[in-house]
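Inspection log for the structure reproduced underneath, given as structure tokens.
Numbering (the working numbering), first residue to last: 3 to 106.
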């Protein structure tokens, strides 16, 4: 059963906030995109992500990839706060949103 529109939007907003937090503490584009894709799948829908040093773009959809919720935001270049990055990773893994992968 697909999530309600409110639930879907709430989950998408959570993923956007998670991605911005990962970017702000210095996560690489590849790392942020991989985390967001995995979390999106765990929450039961689809996503596509394009992260650069100053641009944050996300697209989410449920069944029809032409019916998307898109978020585009201009962001500041990231600081490097590896302690905070580690803490966010730990929270993601401890809440079973992502399977622990040796590649991280």
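Think of the CB as a built atom: it goes at the ideal place given N, C-alpha and C, for glycine as much as any other residue. Please read these numbers as outputs of a predicted model, since none were measured by experiment.
Item	Value
Does the contact criterion of 3 or more C-beta pairs under 8 Å hold for the region 60 to 68 versus the region 78 to 87?	no
Tell me which same chain residues have a C-beta within less than 8 Å of the C-beta of residue 48, skipping the five on either side of it?	42, 62, 63, 64 and 67
Using the beta-carbon count (16 or more within 10 Å), is residue 75 buried or exposed?	exposed
Please classify residue 118: does DSSP put it in a helix, a strand, or coil?	Absent from the structure is residue 118, since the part of the chain shown begins at 3 and ends at 106.
For the beta strand (DSSP E) containing residue 61, list its first residue and its last residue.	57 to 63
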